[in-house]
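In what follows, a structure is listed as structure tokens, so that the remarks can point back to it.
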Amino acid sequence: MTGIVSLLSNIRTIPHCSIGLPNGDCTLAIQCGDVRLTSLLLLTNVLYVSSLTCNLISISQILRSNNCMAVFNNSNCFLQDLQTRRTIGQGVGHEGVYVLCQSVSVNVTHGSSSFNLWH
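Listed below in structure tokens is the structure:
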């Protein structure tokens, strides 16, 4: 889900979908689209929720959209291609959520990653 419509491509109108927010309020999603998270990760059918102030990824949706698996430890989440086992995405634990890194360095001992705004 995202509150930033400009992140979406292939935007489609959907039947109104009620979304429960963490504070107990409900809001509606009326559009969805696709989001290119990184050069290797595409997320399809992302709901547009105008009142959302952060971006949220469904793990099951990202796994289905990219034919990959997720491996979690106490500080990281790695997304790996099911065929090659190549790391195609990484999230770093931060205040109870995993923040998706913009780029992934594979087989590198030192590197830096910039963070995407997806939780």
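Here the sequence shown is numbered in full-length UniProt numbering, starting from 1 and rising by one per residue.
Glycine residues also receive a C-beta, built at the ideal position from the N, C-alpha and C atoms.
Owing to the predicted nature of the structure, the values given are computational and were not obtained by experimental measurement.
Query, Result
"Does the Cβ of Ile57 have 16 or more other Cβ atoms within 10 Å, making it buried, or fewer, making it exposed?", "buried"
"Among all the DSSP beta bridges, which residues are the ones paired with Val49?", "DSSP output for Val49 lists no bridge partner at all."
"Would you call the stretch 68-80 and the stretch 31-38 touching, i.e. three or more CB-CB distances under 8 Å?", "no"
"Strictly by DSSP, which residues pair up with Ile62?", "BP columns for Ile62 are empty, so no partner."
"Determine the direct distance from the alpha carbon of Ser50 to that of Gly93, and round the result to whole angstroms.", "26 Å"
"Among the residues of its own chain, which have a CB less than 8 Å from the CB of Thr13, if the five just before and after it don't count?", "Ile30, Gln31"
"Whole-angstrom Cβ separation of Leu8 and Tyr48, contact assumed at under 8 Å?", "6 Å"
"Alpha carbons only, please: which of Asp34, Leu63, Asn23 is nearest the one belonging to Leu52?", "Asn23"
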